[in-house]
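I have placed the structure first, in the form of structure tokens, so that the comments after it can refer back to it.
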Amino acid sequence: MATLLYRLGRASFRRRRLVLALWLAVLAALGVTTVAFIGPTASNFTMPGTESQRALDALAKHFPEAGGATGTIVVAAPEGEQLTSPQARQAIGALTKEAAGLPGVLAAVDPFQIGAVSPDGRHALVQVQFAAVNDRVTDGQRAAYAKVGAGAEAAGLRVEHGGEVMTSEPEIGSTEALGVAVAAAVLIITFGSLVAAGMTMLNALIGVGVGMAGLFSLSSVVELTSTAPVLALMLGLAVGIDYSLFITSRHRQNLLDGLEPEEAAARAVGTAGSAVVFAGATVVIALAGLAVVNIPFLTVMGLAASGTVAVAVLVAITLQPALLGFAGHRVLPRRHRTARPTEPAARGGFGFRWAYIVTRWRVLFILAGVLCLAGLTVPASEMRLALPDAGTAQAGSPAREAHDLISAGFGPGFNGRLAAVVSSGSAEATGRAAKEAAALIQATKGVIAVTPPQPNASGTTVLLAVIPATGPTDAATETLVHDIRDKVRGIDGAQVSLTGMTAIGIDVSEKLSDALPVYLLLVVGLSVLLLMLVFRSVLVPVKAALGFLLTVGATFGITVTVFQQGWLAGLLGVDTPGPLVSFLPILLIGILFGLAMDYQVFLVSRMREDFVHGDTAQQATISGTGHGARVVTAAALIMISVFSGFVLLDDPIIKSMGFALAVGVAIDAFVVRMTIVPAVMSLLGDSAWWLPRPLDRVLPNVDIEGEQLRVHLDHDATEVPARV
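Mapping of the sequence shown onto the numbering used here: residues 1 to 724, in sequence order.
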């Protein structure tokens, strides 16, 4: 691999104008395609095979007028007054009529007709039924819905607009740019050269631009969830900058060692580029592996993110050497441009000093690191999963205001209404089953009320609205859903299914929880096999896998402490702690696996490179850590900066993802890879590189550390005089 990448790097350097022109042409073409074919993103999380999804499918087929998006307009009278006054009733009637006349709305129901008025008479709910599902409701229709009730407000009533239709997509803006700005500052400090920092950042931005444009150009034929592009952008930026950083750093070292720019770039791609390809491949495999969970929206998220990572790798090994060709010696700080070639890096830098300390007190560092991370893992045992509801939205947003007002007037259960769908081949059988189901559900502990049956035109499908006593993400509501399903399962003559956003969230969380151990085992097994292939060792992969488990456990524990238990949540803008979003753990495992292998490869590959070229195991450990510490530190700080920029978003899903990824990278880079790994490698000594002979014969040599490349270059050097 190293020899092939060496040739690719040299070719890209020599034909730099062509390479740059081709990438810019690809970016422009995909940009035009995006403008022409971009489609809407989806905010729903479908889960084929679950009871809630089967019920939704039945509604869409047999009762389409009840399958569209819903809105809930909350009206409240001032303190000490009631909505039963003639003026208030007239204002609410006008509001209901106004809502019913909105474009895309099938009906709006007067709260006095169905008894949707709070016991104290101060609050009322106007139910609005849209014709289209939530993802098909236009921005214009949402805007018109949000303006309903100006007359009621003029009459002194409070009007808030909530419901499913008010869910919004996360917006990418200036907050994420802060993370990129910090990353640029880290690059400038690391390189000491504006040219090197700017070139690395330009390379990454072109890569993420190509990846995102390609993703959005497919959005008209592939249903993207609203979080998929954000995740792809988050990872594309982080790994794009890091991969370019690794190659540029090795190129600069080659220049300082006296190589000409072309040879320096070629060798940088051949050595550091090999690590980039492997590290990128692990990220892609881990994310694409989310497809084995067989959850469509998670599969799309994984494939979208893996696509941007794959583009980042291609850009790093082709465009980066081309840009290095334009830069020449200007990638070096000014004081180094005219200096004579130096000996390999002096061993007095911080990285070497840290390596000496860690290897000297290795047992102490191992025990301290493991015990600390194990302690941070403890809160993860209390982790609860759910899909976020309006109660976790930003304070002051329309959805949150409506949610809080409903809870205050009617109780938290009115924000998590369930829907029982009763269907059969005949109207008579459906009617009987609906009455039996309503009685059984009403008698279930935790149910406040069951609305009268709402049949479709043929009477073969009936909808029952169920009001629980507890909120959507409450553990008691989860128990209630299972209790209702157990009770109605025995009804003969019709199929009864429970659905609604609350039931969907519970089904999604349970299926993801069941898939989590399987996926974790898959990822850990994959890491052992891949690292065994790369490092030709048994103990190094096992150590890496155990370190990964420590990283994941500690990250889960810290995230639960902040987002679920509320510790220091206010500093992150989390005003209402609650369960973690259901797909965060499995997504976090996939992403952190790939990123953890990045640092493992970049550090340990240098250790193996020095070991196979004659250093003792102890010398190789110190040398690998010393040479890699500065670059890995910069790479980790860049990733942390990019991910932290997404913590500033209001969307609770993106906020928790950005926080967990930033914490996970910090733990893995600084505690596991740069502390525990060198300490363990020093403790193992030569046995760290032991590989049974049968495996040695079977495993192919991928030459990630460039051993065969050196042989190839040495051979070419001896051939030159003979040819002359």
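Even glycine gets a Cβ: it sits at the ideal position worked out from N, Cα and C. Here the structure is a predicted model, which means the values were calculated and not measured.
Asked, Found
"A494, buried or exposed, once every other Cβ within 10 Å from all chains shown has been counted against 16", "buried"
"Supposed close pair P261, S12 - CB separation, criterion 8 Å", "The pair is not a contact, with the Cβ atoms about 13 Å apart (cut-off 8 Å)."
"S424 versus L59 - alpha carbon distance", "12 Å"
"Where the alpha helix (DSSP H) containing T271 begins and where it ends", "261-288"
"Beta carbon of M607 nearer than 7 Å to that of A279", "no"
"Among A380, V378, T167, T675, the one whose alpha carbon lies nearest that of Y356", "T675"
"Backbone secondary structure at P40 - three-state DSSP", "coil"
"Nearest residue (CA-CA) to T41, options A465, L440, M301", "M301"
"N- and C-terminal bounds of the beta strand (DSSP E) containing A322", "Here A322 belongs to no beta strand (DSSP E); instead the alpha helix (DSSP H) covers 296-327."
"Other residues of its chain near T342: CB distance less than 6 Å, five sequence neighbours each side excluded", "The pLDDT assigned to T342 is 49, lower than 50, so where the model puts this residue is not dependable; a value taken from the coordinates is nonetheless given after this. The answer, listed in chain order, is L256."
"Identity of the residue in I295, T34, T377, V133 nearest P48 by Cα", "I295"
"G207 and G240 closer than 7 Å at C-beta", "yes"
"Three-state class that DSSP yields for D650 in the structure shown", "coil"
"Cβ pair count under 8 Å reaching 3, the region 679-688 against the region 204-223", "no"
"Spatial neighbours of R14 in its chain, beta-carbon cut-off 8 Å, leaving aside the 5 residues before and after", "E262, G325"
"Three-state class that DSSP yields for R360 in the structure shown", "helix"
"According to DSSP, residues forming a beta bridge with H161", "I73"
"Beta-carbon proximity of A107 to G151, cut-off 7 Å", "no"
"Sufficient close CB pairs (3 or more, under 8 Å) joining the region 77-96 to the region 130-142", "no"
"Cβ shell of A374 (< 6 Å), same chain only, five flanking positions each side left out", "none"
"Cutoff 6 Å; reference V283; Cβ partners in own chain excluding five residues on either side", "V309, G594"
"Whole-angstrom distance between Y145 and T96, CA atom to CA atom", "11 Å"
"Continuous alpha helix (DSSP H) stretch holding P229: start and end", "227-256"
"Rounded separation between L687 and A544 - CA only", "At residue 687 the sequence reads Ser, which differs from the Leu that was named. Going from the Cα of S687 to the Cα of A544 covers about 15 Å."
"Cβ-based burial, R17 [other Cβ within 10 Å; buried from 16]", "exposed"
"Sub-7 Å separation of L498 and R485 beta-carbons", "yes"
"Spatial distance of R7 from V19 (CA atoms)", "14 Å"
"Cβ of T96 within 7 Å of any chain B Cβ", "In the structure shown, chain B does not exist; there is a single protein chain."
"Residues near D110 in its chain [Cβ-Cβ closer than 6 Å; skip 5 each side]", "T96"
"Same chain, Cβ closer than 6 Å to I406, neighbours up to 5 away in sequence not counted", "V74, F414, N415"
"Span of the alpha helix (DSSP H), counted from its first residue to its last, around A554", "539-559"
"Top-ranked residue by Cα proximity to P725, from V221, A197, R267", "The question about residue 725 has no answer, for the chain in this structure spans 1 to 724."
"Neighbour-count burial assignment, N134, 16 or more Cβ in a 10 Å radius", "buried"
"DSSP-derived helix/strand/coil call for F130", "strand"
"Given 8 Å, three or more beta-carbon pairs between the region 645-654 and the region 623-634", "no"
"Distance between beta carbons of T559 and L580, contact taken as under 8 Å", "7 Å"
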